[in-house]
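Colleague: Dropping a structure here in structure tokens format, bear with me for questions.
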Amino acid sequence: MRRIIINRVLLAIPMLWVVATFMFVLLQLVPGDSAVAILGEGATPERVAALRGQMGLNDPVLTQYLNWMGSLLTGDFGKSTMSGESVLSILNKRAPVTLSLAITAVLVSFAVGTVLGVVAAVFGGWLDRVIRIVTGVGVAVPNFWLGSALVVVVSVGLGWLPSVGYVPFAKSPGEWLYFMILPITAIAAASVAAIARQARAAMQGALQSEYVQTLRGAGLPRRSIIFKHALRNTSIPVVTIVGWQFVSLLGGAVLVERVFALPGLGALTVQATASSDFPVLQGMVIYTTAMVLIVNLLVDLSYLWLSPKVRDQ
Amino acid sequence: MSQATEEEMKDAAPVTPEQASAPRRGSDLLRRLRQPTAVVALVWLALLVIASVAPSLLAPQDPLTQNLPMGLQSPSWEHWLGTDRLGRDMLSRVIFGTGAVMIATVTAVAVAVLIGLPLGLIAGYSSGAWDTVISRIADGLFSLPAIIIVLAAASLFGNDLTMAMSVFGVIISAGFIRLVRASTKAIRSELFIDAGRVQGLSSSRIALRHILPNILTPVVVQTTLGLGLGCLAVAGLTFLGLGPPPPAPTWGGMVTDATQVLVVAPWQMVPPGLVIILTVLSFNFLGDALTDRPVKRIPRRRSTPRRAGTPGNSRTPVVEPLAGSEPGPAPLLAVEGLTVTASGPSGDVELLHEVSFAVRPGESVALVGESGCGKSVTSRAVLGMLSEGAQVSGGQVFLEGRDVARLSERQWTSIRGSQIAYIAQEPLVALDPCFSVQSLLIEALRRHNKLSRSQAREEAIKLLARVGIPHPESMLKRFPHQLSGGTAQRVAIALALTGSPRLLIADEPTTALDVTVQAEILDLLRGLQAETGMAVLLVTHDFGVVADFCSRAVVMYAGQVIEQAPVAELFAAPSHPYTKLLLAATPHDVDRDQELPTIPGVVPSPGQWPGGCHFASRCPRVVSACTTQTIELATPAPGHLSRCLFADEEHVTERI
Ligand code: SF4
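First to last, the protein sequences are chains A and B. This note's numbering puts the first residue of the first sequence at 2, with every later residue one more than the last. This note's numbering puts the first residue of the second sequence at 127, with every later residue one more than the last.
Listed below in structure tokens is the structure:
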């Protein structure tokens, strides 16, 4: 078990290296002078030259690359060209908003999606049909649009929940939830639908499987067959897509944070994109990749815990 | 050889007609596209293509013409979808916004296919280093935060939507790599590719000729899903302000505009949202339609039979139900006139027609026939485990005198395991892979007996010893995938014994096993029978097993019992042409691992049974009288039944 974890962690390191290198190469590919791109076309040559020196753009590419890697290793992501603040500290400040949003959304989608999928598979009939239609449409609804629609109906129309505002979870979990219910709903909807579809298919497969017939033949009660045996087997394929769902929920957070004016990584990405703040964008990509890798590691671990077969490989 | 390799070889051996007809895949795709949802999706997508290529053909007005006093209107005859803040026609803006979305989406998916297809083919075809490297790349791409990278790229490429979406295409190519790799691997292991290699075709020719047509459908399905995903991504990016700058219309940009007037004009949200949703849905519907297998889907199981307690079936069991059976003790199981129907889209279809036979305590009876004859349906009906959609529509099943044919699932739960138990054909998939031998056995033992956990554990060890497992304690902690086929079957038998059943239904219990292991399992069952007095109903297609193990045989054909006799009598004087052909074609002393010998023709499927004798189309002796009347069971000898007009003559005929 420990060997598997170490293995996984070791695999994550080259992954981060590749992403960092990729970001570096991408920056080299930018047509034109990135200093000009940052300062705008109207900048004076002196200012451009100063910035080039500051960014080390006059050094040979290899030196630039090694410098960049070296500083990454020490946790130095550079400074924002907009605010001059350290990129890492900006990211650390913004991350809790996005992480609390995405992680809660993952948990909610996993729970609700599995329940819906299992209900559809076990009960069948009209319930199955309704769940199938709802989840079928659910995967096609853009989260930012759903977020706006929720604002129209729930905030403006019914006046139940706020449409903007944020309280850190650490400060007051209750208030945090009050502000986050709508954003979480908006980004989780598509994942709920996707997970429900996966869970339904997996549960149906499990219920038709030979081992379920064996257990029925041995006289085990339906309750145990469905909720102990079939559910355990269903959870394995469902858990494997949770990692992928986390990636899409992070993307969803970028969009939905804008709808609800949440001060997270998403809003930061949009700002940085608009102002060509490359150090922030680079740092962001590496930072979020690391988060995804951590979530994937957790998914792998739960997979190991769930499936004896995988444990042996 | 390990079990896994055995399994793989077994999987690889048969080439199904579906696989062999690779060139027909294309027309198959077209046929699936004629489903209603697919047609609607295609019409919508065709409209989008027109809107992309020639928006002015569809748009009623210029998308940029402002008319401030007419701003934020609801739909009207003049403006079907209303107007935006600047009084511009929403319908026209949606139509003119289509092109940018479509180009960016198609670019993304094209990039994904161009990367994913070759890489997937290489990984799937050449196992080894390439496979490892490419799979790693796919894994890596899967863990990239797509939208954030795309935004970063967009910022670098000067807000160029199409460039940004190419980066998106690179990331989603991971899905294509995995899919193509898996499909290629599956097809590669199939027989005809190996045959192709033997003939000396080069790898690339094999890949192109055989693999590409076969992976067409999954790749097309993945493409539709990718298009849906891409469309959502483009909508999101344009919502953030990427792409053609205002005043040019974009779908996402229209949502952005709408959010600014959310309170006063919520309608503004509807047109762009609806268009995005419809487009993504169309792609997904298309994918679903293409994935849908036209072949019948295995029905789900239901908790209770639909026609529980049909009136008129409360007859008390007859002690001697069968005219032809030998005198003896009261039957443990008496199946009488059992008819099973399946309800399908084209009405009810009979799966079994008036099947009758009996099993006495301690007896071992074989249920024999080719696949598709109804022997498995019969065993399932006897266990109350018919597939959903199939139900008992006539007759009775008496188990120890009680009619169980129409019990609810709850009532069955108290019968199965303790009165009647079941072991399946494929031991390796018949045990729940997530639980250890110990937890499976303990759960079942405690279900049937009042035992504490530790007592149950002791019992489990005894039970494993009884089924001939050498070191039972060490077996307890094992999981099903760690067992060999023979051991797994022994564990399955132990599981079936937990409730001390009086009747064991064994569905081809040895078919999936090696010849030596087959004999061991049959010996084990024989020993257990002697020890417990349990009866066994053995479903098989193998006359070797019948001769070895059973005292009486019931031969089935196309949903009917066509012959029934003590085994010795059946082998000495088979009295039905079908049985004769089966026996004649059974190889003696050769390995009995093969399928039933070939008799020309196929078993007619349910719903296509002929009016007279079900066997008429394949029978060498057929005369016109065979097809004009229902053939009843005749009694050519005491205890011997045969459903043939010439049963008596056949009975005396020397065996071929
Ligand atoms: S009844 Fe006629 S067709 Fe049927 S098995 Fe006998 S001879 Fe053949």
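Virtual Cβ for every residue (Gly too), placed ideally from N, Cα, C.
Starting from the C-beta of residue 298 of chain A, find all residues in its chain whose C-beta is less than 6 angstroms away, skip the five residues before and the five after it, and write them out in chain order.
Modeller: 9
Colleague: Taking residue 160 of chain A as the query, report the chain B residues whose CB atoms sit under 9 angstroms from its CB, ordered along the chain.
Modeller: Within 9 angstroms Cβ-Cβ: nothing; residue 160 of chain A doesn't reach chain B, min ~12 angstroms.
Colleague: How far does the alpha helix (DSSP H) with residue 467 of chain B in it reach, from first residue to last?
Modeller: Note, residue 467 of chain B: premise wrong, no alpha helix (DSSP H); beta strand (DSSP E) at 459-470.
Colleague: Answer yes or no: does any C-beta atom of chain A fall closer than 7 angstroms to that of residue 585 of chain B?
Modeller: no
Colleague: Could you give the first and the last residue of the continuous alpha helix (DSSP H) run that contains residue 675 of chain B?
Modeller: 669-675
Colleague: In its own chain, which residues sit with a C-beta less than 8 angstroms from the C-beta of residue 735 of chain B, not counting the 5 before and 5 after it?
Modeller: 476, 479, 684, 685
Colleague: Closer than 6 angstroms: is that where the CB of residue 760 of chain B sits relative to any heavy atom of the ligand SF4?
Modeller: no
Colleague: Check each residue of the stretch 641-669 of chain B: if its Cβ is closer than 7 angstroms to any Cβ of chain A, include it; give the result in chain order.
Modeller: none
Colleague: So within the stretch 486-539 of chain B, which uninterrupted beta strand (DSSP E) runs reach at least 3 residues, ignoring any that extend past its ends?
Modeller: Fully enclosed beta strand (DSSP E) runs of no fewer than 3 residues occupy 490-494, 516-525 of the stretch 486-539 of chain B, in order along the chain.
Colleague: Would you check if the distance between the CB atom of residue 631 of chain B and the CB atom of residue 709 of chain B is smaller than 7 angstroms?
Modeller: no
Colleague: In angstroms with no decimal places, state the Cα-to-Cα distance between residue 291 of chain B and residue 278 of chain A.
Modeller: Between residue 291 of chain B and residue 278 of chain A, the C-alpha separation is close to 20 angstroms.
Colleague: Roughly how far, in whole angstroms, is the beta-carbon of residue 122 of chain A from the beta-carbon of residue 133 of chain A, given that I think they are within contact range, below 8 angstroms?
Modeller: Not a contact, Cβ separation roughly 10 angstroms.
Colleague: In chain order, which continuous runs of the alpha helix (DSSP H) of length 4 or greater are located wholly inside the stretch 223-305 of chain A?
Modeller: Those alpha helix (DSSP H) runs which fall completely within the stretch 223-305 of chain A and span 4+ residues are 232-260, 266-275.
Colleague: Within this structure, are the beta carbons of residue 618 of chain B and residue 211 of chain A separated by less than 7 angstroms?
Modeller: no
Colleague: Which class does residue 29 of chain A belong to by DSSP, given the choice of helix, strand or coil?
Modeller: helix
Colleague: Would you check if the stretch 229-246 of chain B and the stretch 295-305 of chain B touch, i.e. whether three or more CB-CB distances between them fall below 8 angstroms?
Modeller: yes
Colleague: Rank A:224, A:102, A:202 by C-alpha distance to the C-alpha of residue 256 of chain A and give the top, closest one.
Modeller: A:102
Colleague: Run through DSSP, which three-state label would residue 80 of chain A get?
Modeller: strand
Colleague: With a CB to CB cut of under 7 angstroms and the five nearest residues on each side skipped, what residues in its chain are close to residue 656 of chain B?
Modeller: none
Colleague: Got a sec? Which residues, its chain only, sit under 8 angstroms from residue 386 of chain B by beta carbon, not counting five neighbours each side?
Modeller: Within the same chain, residue 386 of chain B has close Cβ partners 211.
Colleague: Under 7 angstroms, do residue 258 of chain A and residue 252 of chain A count as touching if we go by C-beta distance?
Modeller: no
Colleague: Go through the residues and name those whose CB comes closer than 7 angstroms to any heavy atom of the ligand SF4, in chain order.
Modeller: B:702, B:703, B:704, B:739, B:741, B:742, B:745, B:747, B:748, B:749, B:752, B:757, B:770, B:771, B:772
Colleague: Can you give me the start and stop residues for the alpha helix (DSSP H) that residue 767 of chain B sits inside?
Modeller: Note, residue 767 of chain B: premise wrong, no alpha helix (DSSP H); beta strand (DSSP E) at 766-768.
Colleague: Tell me whether the beta-carbon of residue 402 of chain B lies closer than 7 angstroms to the beta-carbon of residue 374 of chain B.
Modeller: no
Colleague: Starting from the beta carbon of residue 290 of chain A, find every residue of chain B whose beta carbon is closer than 7 angstroms, and list them in chain order.
Modeller: 269, 270, 271
Colleague: Considering just the uninterrupted stretch of the alpha helix (DSSP H) at residue 119 of chain A, what are its terminal residues?
Modeller: 88-124
Colleague: Taking buried to mean at least 16 other C-beta atoms within 10 Å of its own C-beta, is residue 440 of chain B buried or exposed?
Modeller: At residue 440 of chain B the pLDDT is 35, less than 50, meaning the model places this residue with poor confidence and gives no usable figure here.
Colleague: Below 8 angstroms, can you find three or more Cβ-Cβ pairs linking the stretch 260-280 of chain B to the stretch 262-276 of chain A?
Modeller: yes
Colleague: Using a C-beta to C-beta distance shorter than 7 angstroms, which residues of chain A count as neighbours of residue 539 of chain B?
Modeller: 220, 222, 223
Colleague: Going straight from the alpha carbon of residue 195 of chain B to that of residue 263 of chain A, what length do you get?
Modeller: The C-alpha of residue 195 of chain B lies about 34 angstroms from the C-alpha of residue 263 of chain A.
Colleague: Using a Cβ-Cβ cut-off of 6 angstroms (strictly less than) and excluding sequence neighbours within five positions of residue 414 of chain B, which residues of its own chain qualify?
Modeller: none
Colleague: Are any of the Cβ atoms in chain A nearer than 7 angstroms to that of residue 552 of chain B?
Modeller: yes
Colleague: Flag this pair as yes or no: are the beta carbons of residue 170 of chain B and residue 408 of chain B separated by less than 7 angstroms?
Modeller: yes
Colleague: Given that residue 302 of chain B touches chain A, what residues does it touch there, using C-beta distances under 8 angstroms?
Modeller: Under the 8 angstroms cutoff, chain A gives no residues; its nearest Cβ is about 14 angstroms from residue 302 of chain B.
Colleague: Should residue 352 of chain B and residue 523 of chain B be called a contact, given that it needs their Cβ atoms to be closer than 7 angstroms?
Modeller: no
Colleague: Residue 686 of chain B lies in the beta strand (DSSP E); which residues open and close that run?
Modeller: 686-692
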